[in-house]
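Asker: Okay, handing you the structure first.
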Amino acid sequence: KLMMSLQEVNPRVRGIRLSSQSGLHSLTENNTRDIIQGAPQSFKEQINISSGDPQRAGMKPISFVRQVLAVCLCPELLSDEHLPLDVRLRALRLLEACDGESVGSYTASSGLPHVRQTIAEFIMKRDEGVPAYAKNIFISSGAQRALMVIVKLLSGGEGRLQTGVLIPHPCPHGLLPLLDEAGVMAVPYRLIEEENWAVDLSELERALTTARGRCEPRAIYISNPGNPTGHLQDRESIEEVIEFVSTERLLLLVDEVYQDSVYAPNKEFISYKKVLFEMDEHLRDTVELVSFHSLSCACVAECGLRAGYMEAVNMDPGVMHFVDTMLCTDINAPVTGQLALDLMLSPPGPGDPSYNTFVHETLVTRATLAQNSQRALKLLNDLPGMSCRPAMGGIYLYPRLDLPAEIKEQANMLGLEAVVLYCQMLLEEEDLIVGAGDDGTSGSHYLRLCILVPPDTLEEVLSRLSSFHLRLSDRKLNRIV
Amino acid sequence: MSQEAVNGVPCRGKVLTVENMNPNVKRVEYAVRGPIVQRAVQIEKELREGVKKPFTEVIKANIGDAQAMGQRPITFFRQVLALCSYPELLEDNKFPEDAKQRARRILDACGGHSIGAYSASQGIECIRQDVARYIEKRDGGISSSPDNIYLSTGASDAIVTILKLLVCGEGRDRTGVMISIPQYPLYSAALADLAAVQINYYLDEDNCWSLNVAELKRALNEAKQHCKPRVLCIINPGNPTGQVQSRQCIEDVIRFAKEEHLFLMADEVYQDNVYAEGCKFHSFKKVLFEMGPEYSSTVEMASFHSTSKCYMGECGFRGGYMEVINMDPEVKAQLTKLVSVRLCPPVPGQALLDLVVNPPQPDEPSYTSFMKERTAVLAALAEKARLTEEIFNTVPGITCNPVQGAMYTFPRITLPPKAIDKAKAEGKVPDMFYCMKLLEEEGICLVPGSGFGQKDGTFHFRMTILPPTEKLKVVLQKIRDFHLRFTNEFS
């Protein structure tokens with residue numbers, strides 16, 4: 001036996017479950033390759049709205065961010081008078097914050113002190129004065145990487161002592177593979193579809209009780225605004241969760257990446273930290289909370305730059321030291337990403353030359369998101385066999401599909417999940433890639449649609465999707481995929 | 001640790017503590033950023049606050065960060081990256097046409113024509129193709145497939161990924177990974193985190209830090225008693241030792257890996273940093289294939305490269321790749337799955353890597369200035385390597401092997417017994433005690449040899465050769481003076 005074989009691969013790696021999303025992704029990658037090589041396919045341009053990647057779909061980046069980064073990358077541009085003065089001044093300041101005044105240098109593993117400070121100030125302003133400190137902020141190569149660090153710190157134990165983390169069902173599609181990789185058991189708690197995917201305390205309690213005895217639950221993960229559901233928790237719901245984690249002694253992990261994307265009328269994002277600090281002193285001083293944010297949010301959407309951060313509240317200082325040590329193995333988050341965080345959280349202010357453009361671009365993005373959500377919601381709900389809860393924020397819609405029996409049988413025969421077969425057929429017939437959702441209770445199926453796309457693209461998406469869906473409902477299924 | 005609250009009601013301890021966290025994490029240490037660097041940062045803060053010290057700045061010669069020490073980036077690369085970041089600049093006639101052409105090509109390969117979109121997790125396809133072509137050209141035509149190329153977030157990411165992939169087994173069957181001592185602490189940190197068994201093989205200080213197979217065999221045989229050796233790591237050119245392996249040596253290592261059924265990990269991030277006369281970089285892959293099909297179709301290997309070192313020094317971008325050779329398809333599928341968990345490497349780093357493997361050609365407008373910059377950087381490093389060896393070897397009590405390549409020197413220091421005792425009394429490892437004292441007295445930050453591993457009873461430090469030449473001369477003087485003082489003080 002000469003080659004290293006599957007038996008010798010880390011069992012934990014082997015155990016990483018590819019989400020149905022990834023299964024679909026590899027299909028789409030093959031498809032894309034064929035298109036590039038000019039193989040005859042449909043004449044439409046392929047549209048991919050399966051992941052939270054607005055720029056891939058054609059949304060434009062914020063000019064200020066890209067201009068400042070360009071100057072930081074090529075400092076000769078500091079003297080280019082075609083670029084607004086505030087762009088050049090900010091670039092200068094950011095370069096001074098870098099070692100050797102270059103974005104090519106390493107930074108401290110937890111991030112540039114200047115950017116950590118900007119983040120702290122942003123948080124304090126957002127939370128109307130609740131103190132935030134740079135030393136509790138850790139910058140990483142994306143929020144997922146930060147989450148992985150914390151999950152790894154929590155992980156340990158075998159068999160019934162294996163660490164468990166409560167996660168929402170449905171959940172963001174990278175979450176299960178991440179927990180698999182860390183060797184941590186996922187303990188799902190159902191979000192309540194009938195209540196627009198609300199978090200339900202009795203469901204949390206049920207999940208926790210079931211988990212105990214099978215594993216050692218140590219943390220709960222929540223995304224708010226919800227990914228992919230778009231649910232926004234109100235203060236009361238957040239308070240319930242906080243009391244729950246305090247009573248049950250769980251670490252609270254809150255993904256607040258879409259905090260800038262709330263569009264439902266009369267709804268506003270309120271951070272877990274702010275709510276915590278407005279509860280009684282005992283909770284405020286003891287609940288251990290880690291919140292996550294990243295560049296991959298709605299308005300900035302710089303997914304490819306790979307930077308995010310976590311803020312640790314009430315974390316043991318000894319543990320925080322190890323957070324930094326763990327981040328050392330990445331050396332540091334990419335510097336252009338770190339700088340983009342600074343720009344995202346400390347944008348141009350009134351009076352700055354770039355302010356009007358910045359405001360305009362942000363408003364257009366938010367308006368697009370709100371309008372797309374409304375438009376898509378209506379159309380999806382008008383389709384037979386599809387129903388969708390309204391979203392209050394986030395960049396997805398999460399419609400439920402009632403799939404014809406033929407599809408389910410066909411999928412079964414092919415060893416695919418029914419929704420994956422649906423998505424595969426949609427790709428082949430309409431050149432549209434959508435996300436496969438998590439199967440619900442009682443065998444219901446869902447799609448994950450990123451709706452932060454240019455309005456024309458949304459129209460095209462809705463047209464192709466409804467055309468396919470209506471055909472499917474009408475015809476008999478007799479083809480082998 | 002439980003505490004009483006002010007009102008007398010007992011508080012329970014924290015939910016997450018050092019005692020109840022993942023025990024593997026406690027063993028993770030990364031000396032390059034360890035306590036001595038933390039102290040250096042603190043001293044810098046004190047200097048800024050006006051505290052009086054015997055020096056006015058801290059010279060951080062601890063980390064291989066060329067641009068932090070004043071090395072300039074390559075103009076062409078930064079121009080293309082600026083164009084990618086803000087494509088409106090493509091209208092600006094201050095940018096040369098070859099830079100614009102590359103920017104357009106990169107943007108066309110990105111989702112939504114933007115560097116802000118996620119890429120495929122294995123990396124942007126046309127960049128992987130460019131990397132494969134670069135490798136083919138470098139290795140005299142030996143073919144390289146883009147499917148075997150994985151772009152990564154620096155070489156570190158790829159190295160940790162492979163280690164993660166290959167760690168399995170329990171107890172005596174647990175994966176053992178052979179690493180050279182002295183080693184780059186990322187390896188030991190990753191092995192601690194993964195609870196893999198670290199198998200140390202010692203480089204031969206008396207022979208320019210060369211590697212010999214007898215030592216590999218010794219280490220392997222001893223290790224077989226308590227683990228299952230599966231992986232052999234080698235850094236060439238070496239970190240921290242700077243040695244450039246001879247072709248013969250590389251062949252010997254390949255032969256050894258084949259005989260012992262070991263997966264080879266060849267860390268080649270310093271492949272352009274070769275200074276000493278008579279030394280040449282030989283890629284492991286090239287040597288492997290020149291040894292004929294008996295080896296080239298059986299030895300399993302991953303080689304690593306990055307944008308952080310060589311003449312680019314672009315550490316902050318976290319660009320890199322690995323090429324996997326002869327990997328079992330099922331294992332490779334697991335690798336592909338594993339990298340997909342982390343989404344994708346940073347796109348600016350991928351773009352930069354594309355420029356490194358696809359630099360200006362002789363018929364292009366930017367070629368002359370590009371070559372000038374590249375040559376100047378490498379020549380300066382070569383000169384500093386020579387200077388460092390020369391000066392250190394004039395100091396009684398410091399012996400320094402030639403810095404054949406990479407960016408560091410790892411001289412051996414003789415410490416008087418009284419100093420060793422004093423260190424122990426203070427609970428410090430002797431070379432840490434030495435380096436801390438150097439930091440406090442001269443403001444020079446080095447990394448003690450204990451952070452990299454060394455033969456028992458010997459002491460070293462690692463210093464980078466990156467400060468600008470004039471400053472480097474001053475640093476070398478100061479270390480010389482310090483060493484003599486230190487020796488005197490503890491005699």
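Same order as they appear, the protein sequences are chains B and F. For the first sequence, full-length UniProt numbering gives the first residue as 1, with consecutive numbering after it. For the second sequence, full-length UniProt numbering gives the first residue as 1, with consecutive numbering after it. Think of the CB as a built atom: it goes at the ideal place given N, C-alpha and C, for glycine as much as any other residue.
Around the Cβ of B/Gly-304, are there at least 16 other Cβ atoms within 10 angstroms (buried) or fewer (exposed)?
Answerer: Counting of Cβ neighbours within 10 angstroms places B/Gly-304 among the buried residues, the total reaching 16 or more.
Asker: What in chain B is Cβ-close to F/Ser-119, meaning under 7 Å?
Answerer: Using a Cβ-Cβ cut-off of 7 Å, F/Ser-119 is close to Gly-304 of chain B, given in chain order.
Asker: Does the beta carbon of B/Leu-175 sit closer than 7 Å to a beta carbon anywhere in chain F?
Answerer: The beta carbon of B/Leu-175 sits no closer than 7 Å to any beta carbon of chain F.
Asker: Flag B/Pro-113 as yes if its beta-carbon sits less than 7 Å from any beta-carbon of chain F, otherwise no.
Answerer: no
Asker: B/Pro-350: buried (16+ other C-beta within 10 angstroms of its C-beta) or exposed?
Answerer: exposed
Asker: Suppose the cutoff is 7 Å on Cβ atoms and the five residues either side in sequence are ignored; what does the same chain contact list for F/Ile-106 look like?
Answerer: Cys-84, Ala-351, Asp-354
Asker: How long is the line joining the alpha carbons of B/Tyr-221 and B/Arg-145, rounded to whole angstroms?
Answerer: 15 Å
Asker: Going by other Cβ atoms of all chains shown within 10 Å of its Cβ, with 16 needed for buried, is F/Ile-179 buried or exposed?
Answerer: buried
Asker: Would you please verify whether the beta carbon of F/Val-341 is less than 7 Å from any beta carbon of chain D?
Answerer: In the structure shown, chain D cannot be found, because the protein chains are B and F.
Asker: Note down the Cα distance separating B/Leu-85 from F/Glu-300, rounded to an integer number of angstroms.
Answerer: 55 Å
Asker: Could you pull out every residue in the same chain whose Cβ sits closer than 7 Å to the Cβ of F/Ile-250, ignoring the five residues on either side in sequence?
Answerer: His-282, Phe-284, Val-287
Asker: Would you say F/Gly-443 faces chain B, with C-beta separation under 7 Å as the test?
Answerer: no
Asker: Assuming B/His-231 and B/Met-386 make a contact with CB atoms under 8 Å, what is their CB distance in whole Å?
Answerer: The pair is not a contact, with the Cβ atoms about 19 Å apart (cut-off 8 Å).
Asker: Please classify F/Met-371: does DSSP put it in a helix, a strand, or coil?
Answerer: helix
Asker: Are the beta-carbon atoms of F/Glu-268 and F/Ser-303 separated by less than 7 Å?
Answerer: yes
Asker: Starting from B/Gly-156, find everything on chain F with Cβ-Cβ shorter than 7 Å and list it in chain order.
Answerer: Asn-22, Pro-23
Asker: Determine the DSSP secondary structure at F/Gln-198, reduced to helix, strand or coil.
Answerer: strand
Asker: So F/Lys-384 packs on B/Val-13, CB below 8 Å; how close in whole Å?
Answerer: About 42 Å separates the two Cβ atoms, so there is no contact after all.
Asker: Return yes when the Cβ of B/Ala-307 is within less than 7 Å of the Cβ of B/Leu-345, no when it is not.
Answerer: Against a cut-off of 7 Å, the Cβ pair of B/Ala-307 and B/Leu-345 comes out as no contact.
Asker: Is it right to say B/Gln-338 is buried, meaning 16 or more other beta carbons lie within 10 angstroms of its own, or is it exposed?
Answerer: buried
Asker: Contact check, B/Val-68 vs B/Leu-470 under 8 Å by CB: the rounded distance?
Answerer: The pair is not a contact, with the Cβ atoms about 47 Å apart (cut-off 8 Å).
Asker: Within 8 Å, do at least three Cβ pairs link the stretch 86-100 of chain B to the stretch 398-406 of chain B?
Answerer: no
Asker: Tell me where the beta strand (DSSP E) around B/Pro-188 begins and ends.
Answerer: 185-190
Asker: Which residue spans inside the stretch 368-435 of chain F form an unbroken beta strand (DSSP E) run of at least 3?
Answerer: Segments of the beta strand (DSSP E) lying fully in the stretch 368-435 of chain F: there are none.
Asker: Counting only beta-carbon atoms, is F/Lys-332 nearer than 7 Å to chain B?
Answerer: It does not; no Cβ of chain B falls within 7 Å.
Asker: Can B/Phe-292 and B/Met-310 be called in contact, C-beta distance under 7 Å?
Answerer: yes
Asker: Would you call the stretch 316-330 of chain B and the stretch 270-282 of chain B in contact, with 3 or more CB pairs under 8 Å?
Answerer: no
Asker: What does F/Cys-315 touch in chain B if you count any residue whose Cβ is under 7 Å from its own?
Answerer: Gly-104, Ser-105, Tyr-106
Asker: Does residue 494 of chain F come out as helix, strand or coil in the three-state DSSP assignment?
Answerer: The shown model of chain F, from 1 to 491, leaves out residue 494 of chain F, and the question about it has no answer.
Asker: Starting from the Cα of B/Ala-264, find the closest Cα among B/Asp-234, B/Val-254, B/Pro-404, B/Arg-249 and give me that residue.
Answerer: B/Asp-234
Asker: For B/Asp-34, which of helix, strand or coil comes out of DSSP?
Answerer: The predicted model places B/Asp-34 with a pLDDT of 45, which falls under 50 and marks its position as unreliable, so this point remains unresolved.
Asker: Quick one: which residues of the stretch 76-91 of chain F get their C-beta closer than 7 Å to a C-beta of chain B? List them in chain order.
Answerer: Arg-78, Gln-79, Leu-81, Ala-82, Ser-85, Tyr-86, Leu-89
Asker: For the alpha helix (DSSP H) holding B/Ile-407, just list the boundary residues, first then last.
Answerer: Element bounds for B/Ile-407: 405-414.
Asker: Hey, how far is the Cα of B/Pro-40 from the Cα of B/Ile-47?
Answerer: For B/Pro-40, the predicted structure reports a pLDDT of 46, less than 50, and the residue's modelled location is therefore unreliable. The matter cannot be settled from this model.
Asker: Report the neighbours of F/Cys-168 on chain B: residues whose CB is nearer than 7 Å to its CB, in chain order.
Answerer: Glu-8, Val-9, Asn-10, Pro-11
Asker: Per the contact definition of three or more C-beta pairs closer than 8 Å, is the stretch 194-201 of chain B in contact with the stretch 172-183 of chain B?
Answerer: no
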